[in-house]
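Quick note: the sequence shown uses the numbering used here, first residue 17, plus one each step.
A virtual CB, placed ideally from N, CA and C, is assigned to each residue, including glycine.
Note that this is a predicted model, so its numbers are computed, not measured.
Please read the structure below before turning to the comments.
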Amino acid sequence: MNYKIAVIPGDGIGPEVIGEALKVLDAVGEKYGHTFEYTKVLAGGCAIDEKGECLPQETVDVCRSSDAVLLGAVGGWKWDTLPGDKRPERALLGLRKELGLFANLRPALLFEELAEACPLKPEIVEGGLDIVVVRELTGGIYFGEKGTVDTDLGPAAYDVEQYAEEEVRRIAKVAFDMAMKRNKKLTSVDKANVLESSRLWRRIVAEVAEDYPEVEVNNFYVDNAAMQLVRNPKQFDVIVTSNIFGDILSDEASMITGSIGMLPSASLANGNFGMYEPVHGSAPDIAGQDIANPMATILSAAMMLRYTFGLGDEADCIENAVKKVLADGYRTADIAKDGEAVTGTAEIGRLIKEAI
């Protein structure tokens, strides 16, 4: 089979980690008889420098005509002084909107080989962690009405949190479907004791739950969910929540696994189309030094094979290769213990490729 992939290397360490992921994909293609056709396009700071805007129309068009998108990272200190609507990170919001990417899947998996990197007590995470945060991605406060107004206390700014019933319903269905494939347990996170939008959220989730009688559903307020993630994370399996709450909780969930350099993500539209990217940022301070961890990007490529292309065996092959490299004791700087040997970006990529 031939698959067309739009590749956005982006800024900072993005090109480095993307380069290793493409090598691994090529190895998978050779092993299983697939061809991956890559078209590299610009987004983020590099697009601002070259095209004068963070998300050129050409990039959107190429992404739309591809089967999936693989993205590295965008942003960096170089562009920090730009106005908010001109910053590189706006490219991500633009891609989500233009490509209809409404469901963000953020797995937080604690690899057995990296258990010591977890900041929680060993008895709390004994046996490992495997949580998936399903975050609504195109609604809520990030996309709501924004503005400034004069008040009795001086100039003020506002951002509106708004959700339509269908926005909640479609993300809830994604989460319930995910729960059915896992342990049939779902936690919905909101702030229904305060926010009207959260009361709508909880009502719609309850309606969708009627179609999934096998799934155990719990409702948590977001403050309690944040506390419980560090107190007893193993009680969670699939978490579904709004854009802003998901942004915060998914970062918290990823951090308790020890390193965000290990964690992939998927942003899905209706159907099989998706954009895949590592959870970590562009890390401009270590760019070009061959010390970035490419494993999150490589695992994002595995998610692409699984969720968009339906290639489960191929995805398993990549994930098992990553586990083998970890089991063999290889570590990048972000996951190495004091005194432990450190392996560079390109070498880690080569080792994973050889393990395919």
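Is residue i helix, strand or coil by DSSP?
| i | result |
| --- | --- |
| TYR228 | coil |
| ILE255 | strand |
| ASN234 | strand |
| ALA285 | coil |
| ILE29 | coil |
| TYR346 | coil |
| THR273 | coil |
| TYR15 | The question about residue 15 has no answer here: the residues shown for the chain are numbered 17 through 372. |
| PHE192 | helix |
| GLY49 | coil |
| LEU41 | helix |
| VAL204 | The displayed chain sequence assigns Ser, not Val, to residue 204. DSSP places SER204 in strand when its eight states are reduced to three. |
| ALA22 | strand |
| ASP456 | For the chain, the structure presents residues 17 to 372; residue 456 sits outside this window and is missing. |
| PRO310 | coil |
| GLY163 | strand |
| MET243 | helix |
| TYR323 | helix |
| GLU36 | helix |
| GLY60 | coil |
| THR55 | strand |
| MET278 | helix |
| GLU356 | coil |
| GLY290 | strand |
| ASN336 | helix |
| SER298 | coil |
| GLY328 | helix |
Rounding to the nearest angstrom, what Cα-Cα distance links residue i and residue j in this structure?
| i | j | result |
| --- | --- | --- |
| ASN199 | ASP65 | 47 Å |
| ALA133 | MET311 | 16 Å |
| VAL190 | ALA107 | 24 Å |
| ASN286 | GLY116 | 8 Å |
| THR359 | LEU136 | 26 Å |
| VAL256 | GLU152 | 8 Å |
| ASP83 | LEU111 | 15 Å |
| VAL238 | MET17 | 43 Å |
| ILE34 | LEU87 | 7 Å |
| GLU69 | ARG218 | 39 Å |
| ALA225 | ASN259 | 20 Å |
| GLY326 | LEU342 | 26 Å |
| LEU202 | TRP93 | 38 Å |
| ASP329 | LEU41 | 13 Å |
| ALA131 | VAL141 | 8 Å |
| GLY355 | ALA222 | 51 Å |
| ALA59 | GLU139 | 43 Å |
| GLY304 | ILE29 | 7 Å |
| CYS62 | ARG103 | 11 Å |
| ALA188 | LEU245 | 21 Å |
| PHE127 | LYS67 | 41 Å |
| LYS197 | PHE252 | 15 Å |
Return the chain-ordered list of same chain residues with a C-beta closer than 8 Å to the C-beta of residue i, the five sequence neighbours on each side being excluded.
| i | result |
| --- | --- |
| LYS11 | Summary: the structure shown does not reach residue 11, with the chain confined to residues 17 through 372, and so no result is reported for it. |
| GLY45 | THR51, PHE52 |
| ASP344 | LEU367 |
| LYS113 | THR154, PHE159 |
| LEU109 | TYR158, PHE159 |
Tell me which same chain residues have a C-beta within less than 6 Å of the C-beta of residue i, skipping the five on either side of it?
| i | result |
| --- | --- |
| ASN288 | THR324 |
| ARG122 | VAL149, SER266, SER281 |
| ARG215 | ALA208 |
| THR361 | GLU32, ASP306, ALA308, PRO310 |
| VAL85 | ALA22, CYS79, MET291 |
| GLU181 | ILE220 |
| ALA43 | LYS369, ILE372 |
| ILE276 | SER270, VAL295, HIS296 |
| ALA349 | ILE307, VAL358 |
Drop a sphere of 10 angstroms on the beta-carbon of residue i, count the other beta-carbons inside from all chains shown, and report buried for 16 or more, exposed for fewer.
| i | result |
| --- | --- |
| TYR174 | exposed |
| ARG95 | In the sequence under discussion, the amino acid at residue 95 is Trp, which differs from the Arg named in the question. So TRP95 counts as buried. |
| ALA317 | buried |
| SER204 | buried |
| MET319 | buried |
| ARG322 | buried |
| THR273 | buried |
| MET373 | Lying before the first or after the last residue shown, residue 373 is absent from the chain, which here runs from 17 to 372. |
| ALA357 | exposed |
| ASN120 | buried |
| ASP27 | buried |
| VAL176 | exposed |
| ASP166 | exposed |
| SER213 | buried |
| GLY262 | buried |
| PRO229 | exposed |
| PRO171 | exposed |
| SER298 | buried |
Looking only at its own chain, which residues have a Cβ that is under 7 Å from the Cβ of residue i, when we skip the five neighbours before and after it?
| i | result |
| --- | --- |
| GLY74 | Correcting the residue type first, residue 74 is Glu in the shown sequence and not Gly. Answer for GLU74: VAL57, listed in chain order. |
| VAL338 | MET311, ILE314, LEU315, ILE368 |
Are any of the Cβ atoms in chain C nearer than 8 Å to that of residue i?
| i | result |
| --- | --- |
| LYS207 | No chain C is part of this structure, which consists of one protein chain only. |
| message | Please give me, in chain order, every unbroken run of the alpha helix (DSSP H) with length at least 4 that falls completely inside the stretch 75-157. | response | 106-115, 138-141
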